[in-house]
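**Student:**
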Amino acid sequence: MRLLLAEDEKMLSDALVTMLQHNNYSVDAVYDGQEALDYLESVDYDGAILDIMMPKMDGITVLKKIRAEGKTLPVLMLTAKSEIDDRVVGLDAGADDYLTKPFAIKELLARIRAMTRRQPELSGSTLTFGNLSLNRADYTLSGPEDSTKLANKEFQMMEMLMSNPGQVISTERFLEKIWGYDSDAEINVVWVYISNLRKKLVSLGTNVSIKAARGVGYSLEEKS
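In my numbering, the protein residues as written are 45 to 268.
Below, the structure is given as structure tokens:
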């Protein structure tokens, strides 16, 4: 799952990025409101965490602009303000939740899980295709003969494939969604992960395979 974090306090931002990555999120960090808006307009995120008080453009304005553009991704607002009126403004602008600094990391993680679960496409904790299943709660991939726990990026790739069965996902899409908008990762890293996932599918005894569309990308197919 990929998140945008917009927080102008660099030390706090770095700490949050480390914590979120440790909990299997991919994170792009920006430090002002204009940059946050630019990223949200050009990248498809699963959720955003926006500080309210930021340079160039405040978080409320960013939120209003993306909602006006029809973007429905869940948004959690962070602020040092605790007055009820400020919370109301944020929620009325289209925020899904609101967290006041300082906050406990466990609470932030719980709120992120809650707001992303409210998305229709993420309503189920388990994805299935053919005789293959992927548990989103513990990253376990299971087939008729065995099960295995996936590493972070393996899980995200398989989640993308199983959420879009039969649909070709481009290598560039994998890179953008999982490695990040500004990542220096090379295209061949996607092939390496696909190769590892194919081996795991064989070991699980599943009737599902990853099909390559040469020069385009990859998709899941069910063997007859």
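C-beta atoms are modelled at their ideal positions from N, C-alpha and C, and glycine is treated no differently.
These numbers come from a predicted model, not from an experiment.
Assuming V71 contacts L47 (C-beta within less than 8 Å), just tell me the rounded distance between them.
**Tutor:** As a position in the sequence shown, residue 71 is number 27, starting the count at 1. As a position in the sequence shown, residue 47 is number 3, starting the count at 1. Contact flag correct, Cβ pair sits at about 5 Å.
**Student:** Roughly how many whole angstroms lie between the Cα atoms of A256 and D90?
**Tutor:** In the sequence shown, residue 256 corresponds to position 212, counting from 1. In the sequence shown, residue 90 corresponds to position 46, counting from 1. C-alpha separation (whole angstroms): 25 Å.
**Student:** Please go through the same chain and pick out, in chain order, the residues whose beta-carbon is closer than 6 Å to the beta-carbon of G261, but skip the five residues on each side of it.
**Tutor:** Taking the sequence shown and counting its residues from 1, one reaches residue 261 at position 217. V212, I213, S214 and T215.
**Student:** Quick check: the stretch 185-192 against the stretch 246-253, are there 3 or more CB pairs under 8 Å?
**Tutor:** Cβ pair count under 8 Å is three or more, so yes.
**Student:** How would you label S268, buried or exposed, when you count the other beta carbons within 10 angstroms and need 16 or more for buried?
**Tutor:** To locate residue 268, count along the sequence shown from 1; it is residue 224. The residue is exposed, with fewer than 16 neighbouring Cβ atoms inside 10 Å.
**Student:** Would you list the residues sitting across from D72 in a DSSP beta bridge?
**Tutor:** Here residue 72 refers to the residue found at position 28 when the sequence shown is read from its first residue. Per DSSP, L48.
**Student:** For a quick check, are the C-beta atoms of N240 and E198 less than 9 Å apart?
**Tutor:** Position 196 of the sequence shown, counted from the start, is the residue given in the question as residue 240. Position 154 of the sequence shown, counted from the start, is the residue given in the question as residue 198. Contact: yes.
**Student:** Cβ of V106 within 9 Å of Cβ of D141?
**Tutor:** One-based indexing of the sequence shown puts residue 106 at position 62. One-based indexing of the sequence shown puts residue 141 at position 97. The answer is no: Cβ separation not under 9 Å.
**Student:** Could you pull the start and end residues of the alpha helix (DSSP H) that I156 belongs to?
**Tutor:** Counted from its first residue, the sequence shown places residue 156 at position 112. Where I156 is concerned, the enclosing alpha helix (DSSP H) stretches over I149 to R161.
**Student:** Answer with yes or no whether the minimum CB distance from T170 to chain C is below 9 Å.
**Tutor:** Absent from the structure: chain C. Only one protein chain is present.
**Student:** Mapping the DSSP letters down to three states, classify S247 as helix, strand or coil.
**Tutor:** On the sequence shown, residue 247 is found 203 positions in, with the first residue counted as 1. S247 falls in the helix class under three-state DSSP.
**Student:** Runs of 3 residues minimum, wholly inside the stretch 96-144: which ones carry the beta strand (DSSP E) assignment?
**Tutor:** You should have 119-123 and 141-144.
**Student:** Based on Cα-Cα distance, which residue from S57, P209, L64 and V132 lies nearest to R157?
**Tutor:** Locating residue 157 in the sequence shown gives position 113, counting from the first residue. Checked all of S57, P209, L64 and V132; the closest Cα to R157 is L64.
**Student:** Determine, using beta carbons only, whether M206 and Y237 come nearer to each other than 9 Å.
**Tutor:** As a working mapping, residue 206 is identified with position 162 in the sequence shown. As a working mapping, residue 237 is identified with position 193 in the sequence shown. No; because the gap between Cβ atoms is not below 9 Å, this pair is not in contact.
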